[in-house]
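This report concerns only the one structure given below.
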Amino acid sequence: MASFALGQRSYGEVYEQIYRQHPELRYVGFYRLFNEPAILVRDQRLVREVLVGSSFLNCADNAVNVDAQRDVLATCNPFIASGDRWRILRADLVPLFTPSRLRQTLPHVAAACQQLQEFVGRRLTGERFEAKALATRYTLQVIASAVFGLDAHCLCYDEDQEKGSQWLQRLLPLFQPSAWSLLETIALLHSSRLANILQHRYVPLSLQDWLCALVRARSGANNFLHWLGDKQGEQGDLAGHATTLLLEGYETSAMLLAFALYELSRNESAQRRVQTELEEVAQRHGGLLVGHAALAELRYAEAALLETLRLHPAMQALQKRCTKSFTLPPQRSDTDTAVGSHGSIQVALGTVLVLPVQAIHMDPNLYSDPLKFQPERFMDTSPMGCRFLGFGAGPRMCPGMRLGLAQTKAALVTLLRDYSFSLADQAQDPVQVSPLTFLTASKHGIWLQLQKR
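The letter at position 306 of the sequence shown is residue 1234 when you use the numbering used here, and the numbering goes up by one with no holes.
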């Protein structure tokens, strides 16, 4: 873990090394930072037990260090909340992402796609551009409209119009590599003591105040806060949910869109197949792509997004904290029948169990030729089980998965309908992942070029 603490390797790379060094074991004991004992789970059946099965209730809490006094709004996030509270918070949000609600949300997505198309046509044609910044502009535009009923002014025709956009100023740098991001990542994932020393806030105080003001300024009826407001009694609860919807809704989808454009730029045949598919779907739907039926038919485009998420998961590992001691079977599967229960271990209260998402996604025993971008893997409708954890799994998996895929797919086909993409700099291939952030981010940006089709 020293290489992670020194900013030399990401935590996902460290966990992947441990995973690969012990192919014969179901799980591996190791020390996290500050000599904290932990268990890295390798075996797919045990991963399923922890996330979905009988062991879930023993380690339902995610191991993140967020102080409820400093971070009132962040603790309303079902991913962060612990105990029984995450269930209550998640139950509030799940009805927002039903198929019928998604249909009601699509006009916000379609409007942002139109703005994206005009923005690219006026300001990016012929230039190299940073894909993550463009993707963030788009997802902020969608979320501002869909959640708050507001215009974020992130995709304006000219630069003067967007200079006053608080959305860009406050949120574009958030979650990105910075001088403090490594310490903040260590505090969030490894050390509540360091978090207290730094007075770390998952949501900066100025952003908390701004978000509360946005909730008061919300507009219109066809948006998430209106739907939530019908049953939310306390303004603070509504602001907490708004924070979750914003922060979880824009960053991970922007990351997915940027990396998808990167992978399609370096895999021209896959890019052409997405373009062929979108042309066929558009023809069947009178030129309309950003509609419920059309989006559902874009199966290869969705497979390309899922394959991107396999190669570049937003969270490189899931970390669960044991809240009730339980028993793990022997480390070696060949000892089960030979010695009965001998060799099994009792997981102590408070122990962190690491589910190494990146390592699982790159396991050649689970995916043939795992470094290859191959969307066809996800064209098969058979269940993936826990070998794909791009959205987590089980009761605490991402509730906004449908919206995340829909808004990202809509932007992807909007861009590929008019343009072909290529790498602006071959030297960045493969892209380097920053070791400083807890959400996956490119170390030097994702620089692409586009050409009118």
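Here a beta-carbon is modelled for each residue, glycine too, at the ideal position from N, C-alpha and C.
Using 8 Å for Cβ pairs, my map puts Leu1351 next to Arg1194. What's the rounded Cβ distance? 6 Å
Would you call the CB atoms of Ala1338 and Val1218 closer than 8 Å? Yes.
For Asp989, the three-state DSSP class (helix, strand or coil): strand
With DSSP collapsed to three states, give me the class of Ala1352. coil
Restricting to Cα atoms, I'd like to know which of Leu1166, Arg1201 and Trp1155 is closest to Arg1144. Leu1166
Cβ pair Leu1388, Ile1114 closer than 8 Å: Outside the shown range of the chain, which is 929 to 1381, sits residue 1388, and nothing can be said about it.
The alpha helix (DSSP H) spanning Phe1306 covers which residue range? That residue, Phe1306, is in no alpha helix (DSSP H); it is neither H nor E in DSSP.
Just how far apart, CA to CA, sit Thr1064 and Leu1100? 7 Å
Suppose the cutoff is 6 Å on Cβ atoms and the five residues either side in sequence are ignored; what does the same chain contact list for Leu1378 look like? Tyr1347 and Phe1349
Express the C-alpha separation of Leu1367 and Ala988 in angstroms, rounding to a whole number. 21 Å
Using a threshold of 8 Å, state whether the C-beta atoms of Arg1260 and Leu1294 are closer than that. no
Span of the beta strand (DSSP E) around Pro1035: Premise fails: Pro1035 lies in the alpha helix (DSSP H), Pro1027 to Arg1051, not in any beta strand (DSSP E).
Do you know how far the Cα of Ala1229 is from the Cα of Arg1381? 18 Å
Is it buried or exposed for Ser892, if we count other Cβ within 10 angstroms and need 16 for buried? The requested residue 892 is not part of the displayed model; the chain covers only 929 to 1381.
Integer Cβ distance of His950 from Val956, believed to fall under 8 Å: A Cβ-Cβ distance of about 5 Å is found for the pair His950 and Val956, placing them in contact under the 8 Å criterion.
Per DSSP, what kind of secondary structure is Pro1323 in: helix, strand or coil? helix
Short Cβ contact (8 Å threshold) for Leu1192 with Ala1232: yes
Segment limits, alpha helix (DSSP H) that includes Gly1332: Met1329 to Asp1346
From Leu1246, Arg1098 and Ala1149, pick the residue whose C-alpha is nearest to that of Ser1134; which is it? Arg1098
Which residues DSSP lists as bridging Thr1255, in chain order: Gln1274
Does DSSP classify Met1290 as helix, strand or coil? coil
Since I believe Gln1354 is in contact with His1372 (beta carbons under 8 Å), could you give me their beta-carbon distance rounded to a whole number of angstroms? With a Cβ gap of about 13 Å, His1372 and Gln1354 do not count as contacting.
Beta-carbon separation (whole angstroms), Leu1454 vs Ser1272, contact threshold 8 Å: Limits of the chain in this structure are 929 at one end and 1381 at the other, which puts residue 1454 out of reach.
Work out the CA separation of Gly1214 and Leu953 for me, nearest whole Å. Distance between the alpha carbons of Leu953 and Gly1214: 55 Å.
Could you check the C-alpha separation between Met1307 and Trp1138 for me, to the nearest Å? 42 Å
Hey, Asn963 and Lys1248: beta-carbon distance below 8 Å or not? Contact annotation: Asn963 and Lys1248 have beta-carbon atoms that are not nearer than 8 Å.
Tell me whether the beta-carbon of Asn986 lies closer than 8 Å to the beta-carbon of Lys1252. Taking 8 Å as the cut-off, the Cβ atoms of Asn986 and Lys1252 count as close.
May I ask you to report which of helix, strand or coil DSSP gives Tyr1130? coil
Am I right that His1081 and Ser1073 are in contact with their C-beta atoms under 8 Å? What's the rounded C-beta distance? Taking 8 Å as the upper bound for CB-CB distance, His1081 and Ser1073 are not in contact here, some 11 Å apart.
Please classify Gly1157: does DSSP put it in a helix, a strand, or coil? helix
Should Val1267 go down as buried or exposed, given a rule of 16 or more other Cβ atoms within 10 Å for buried? With a pLDDT of only 47 at Val1267, under the threshold of 50, the placement of this residue in the model should not be trusted; the figure read from the coordinates follows. It is exposed - the Cβ of Val1267 has fewer than 16 other Cβ atoms within 10 Å.
Report the partner residues of Gly1318 according to the DSSP bridge assignment. Looking at the DSSP output, Gly1318 bridges to Gly1320.
Give the single residue among Glu1225, Val1359 and Arg1324 whose Cα lies nearest to the Cα of Arg1013. Of Glu1225, Val1359 and Arg1324, the residue nearest in Cα terms is Arg1324.
Burial state of Ser1109, where buried means 16 or more other Cβ atoms lie within 10 Å: buried
Quick check on Val1359: does DSSP put it in helix, strand or coil? coil
My assumption, with CB atoms under 8 Å, is that Asn1151 sits in contact with Val1075. Please give the rounded CB distance. 6 Å
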